[in-house]
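These notes concern the structure reproduced below.
Written out as structure tokens, the structure reads:
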């Protein structure tokens, strides 16, 4: 059994041996206070700024980075900085994984407003942007056609636009669901409890997540 302590817990202040009378066991302790939060954050800022892809191990380190700090306020401020870093990552899939992980692992310390902002960004990272691109494309098409026959072109563009947006919305909705399933499956492989996954991934119920095991 592994127990991970946040940066507020110092090595030597806990007991690895547990004695419950008829049951004795020893846990493996991991102290995040042993890590240098500033050095780790600077390294991530440098890699993300240069466009380097974070490895799977680095992604997990990124998710727990706020918990390396000692105080709740420092952890909360680090969450905001991590959020800003993630916005600069090109891959929508990595963005969603990192932000979903931040919500899960910092559930006890994250500010409510920050949690809501991150959840909205997760929803917008792909579906919202593609939806907006489709809308802008339809508007430009309507403008071009208007030069030839304003009334007829506007009517056609309106109908085409509505069908295109409905089709795009349906496709993106399925894409988002697939992404959520992929993230949930990865969380399960990392040993994250189902209850924790349900807190950060909307649109999946317990039965659906259990079925991914």
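In my numbering, the protein residues as written are 803 to 1015. Glycine included, every Cβ here is placed at the ideal spot set by N, Cα and C.
Should residue i be labelled buried (16 or more other beta-carbon atoms within 10 Å of its own) or exposed?
i: residue 979; result: exposed
i: residue 903; result: buried
i: residue 845; result: exposed
i: residue 898; result: buried
i: residue 981; result: buried
i: residue 959; result: buried
i: residue 961; result: exposed
What do you reckon, are the CB atoms on residue i and residue j nearer than 9 Å?
i: residue 867; j: residue 891; result: no
i: residue 954; j: residue 947; result: yes
i: residue 915; j: residue 984; result: no
i: residue 865; j: residue 1002; result: no
i: residue 992; j: residue 862; result: yes
i: residue 970; j: residue 1014; result: no
i: residue 870; j: residue 900; result: no
i: residue 913; j: residue 878; result: yes
i: residue 1004; j: residue 921; result: yes
Return the residue from the list the options that minimises the CA-CA distance to residue i.
i: residue 997; options: 834, 837 and 907; result: 907
i: residue 888; options: 879, 912, 915 and 847; result: 847
i: residue 838; options: 952, 851, 1006 and 872; result: 872
i: residue 990; options: 886, 1010, 893 and 966; result: 1010
i: residue 909; options: 995, 812, 813 and 1012; result: 995
i: residue 853; options: 828, 880 and 893; result: 893
i: residue 923; options: 885, 936, 974 and 966; result: 885
i: residue 874; options: 988, 911 and 860; result: 911
i: residue 988; options: 880, 939 and 1012; result: 1012
How many Å lie between residue i and residue j at the Cα?
i: residue 925; j: residue 918; result: 11 Å
i: residue 941; j: residue 963; result: 8 Å
i: residue 856; j: residue 972; result: 31 Å
i: residue 840; j: residue 883; result: 12 Å
i: residue 1000; j: residue 836; result: 31 Å
i: residue 849; j: residue 957; result: 49 Å
i: residue 876; j: residue 965; result: 48 Å
i: residue 943; j: residue 851; result: 36 Å
i: residue 936; j: residue 881; result: 32 Å
Per DSSP, what kind of secondary structure is residue i in: helix, strand or coil?
i: residue 844; result: helix
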